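Trainee:
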Amino acid sequence: MSEMYENLNNLWTSDSERNFVTPLNELKSFLFYVQEVGIFSILPGYSAERRGLNSFLILHTSSGTGTLLYDGEEYSLTENDTFFIDCTAQHKYFNASNENWNFEWVHFNGPSAQACFNYFLAQNHGVVINGHSDLIKNLLLQINDINKTSSARADFLSFSLLSRIISELFLLNNTPAYTKNKIPKYLLDIVSEIDKSFCSNISLESVSKKFCLNPFVLSRNFKKYIGIGIKTYIIQKKISYAKELLRFTDKSISEICEILHYQNDEYFIALFKSYEQVTPLSFRKKWKID
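Mapping to the working numbering: the sequence shown position 257 is 257, numbers consecutive.
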């Protein structure tokens with residue numbers, strides 16, 4: 001981690017709120033926990049610049065405009081924009097407008113915070129998401145209110161609310177904004193085909209050929225409307241069925257591979273472990289009903 005650096009000014013209104021939080025040490029080893037939380041109305045000219053801070057920051061703009069500089073990118077922040085950043089990296093956010101910038105924010109950490117951020121970053125094109133609703137704002141306001149006094153209850157409630165915020169950021173990024181009746185019929189037909197035939201040697205290429213589609217276009221539209229890539233969808237179907245066979249049958253790994261149309265046992269074992277963190281045999285020992 002780089003040396004801690006921070007440069008900020010106090011250009012916020014007198015009714016702005018900032019709460020420093022000291023959670024119970026025994027809870028910090030397994031919960032998301034709040035470090036600081038607040039509600040700011042920022043005056044023109046405000047800026048905050050830092051690096052090397054062992055913290056993650058979620059900031060939601062309720063009104064006005066701001067600017068974020070992070071990882072070589074510049075983001076313009078408007079109403080309902082939320083950013084999620086790792087504060088060990090160099091960053092700066094500021095108000096370059098002539099009006100107040102109003103936002104809610106929380107600095108937090110926890111054992112799985114880094115993994116959550118890494119996943120968010122890998123799935124998102126940048127660190128800013130627009131939620132088109134007040135949900136994240138309302139959750140941040142609740143975190144601010146409950147941390148005005150210290151208690152174990154406040155720590156547990158903060159964990160619950162932080163988990164909901166992070167889940168919402170993942171859902172906003174990954175959930176397709178389409179109801180079933182708005183998904184093109186050919187994609188619904190393809191999903192049905194995969195659901196029926198995933199044990200065959202089915203692939204992006206074979207599906208594209210059967211439905212007379214360009215593989216690139218199919219891959220792009222499947223993820224756009226269904227929410228995950230077609231290859232991932234097929235793998236998840238195969239892994240789920242493998243778990244069922246491991247639990248409720250005595251079929252060997254080789255037999256399961258053959259059913260799922262995997263030619264290589266070692267490949268299947270590695271793939272299964274990448275999803276379940278255990279080998280197929282370990283999964284069977286843990287879950288099999290005698």
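Ideal Cβ positions, reconstructed from N, Cα and C, are used throughout, including at glycine. Note that this is a predicted model, so its numbers are computed, not measured.
1) Less than 8 Å between the beta carbons of I136 and V37, yes or no?
2) For the stretch 145–153 against the stretch 21–33, do three or more pairs of beta-carbon atoms, one drawn from each stretch, fall closer than 8 Å, so that the two count as touching?
3) Mark N102 as exposed unless 16 or more other C-beta atoms lie within 10 angstroms of its C-beta, in which case mark it buried.
4) At what residues does the alpha helix (DSSP H) containing Y33 begin and finish?
5) If you count every other CB in all the chains shown that lies within 10 Å of the CB of W12, and 16 or more means buried, which is it?
6) Over the uninterrupted beta strand (DSSP E) stretch that includes V191, give me the two end residues.
7) DSSP three-state call for L281: helix, strand or coil?
8) Mind checking who R51 pairs with in its DSSP beta bridge?
9) Compare the Cα-Cα distances from E17 to each of F56, N95, W105, F268 and report the closest residue.
10) Looking only at its chain, what residues have a beta carbon closer than 7 Å to the beta carbon of F117, apart from the 5 residues adjacent to it on each side?
11) Can you check which of these residues, Y225, S240, R164, T67, is closest to D189 by C-alpha distance?
12) Can you name the start and end residues of the beta strand (DSSP E) that V106 belongs to?
Mentor: On the basis of the supplied data:
1) Contact: no.
2) yes
3) buried
4) Note, Y33: premise wrong, no alpha helix (DSSP H); beta strand (DSSP E) at 33–42.
5) buried
6) V191 -> not in any beta strand (DSSP E); alpha helix (DSSP H) instead, spanning 185–197.
7) helix
8) Y5
9) W105
10) F56, F84, D86
11) Y225
12) 101–109
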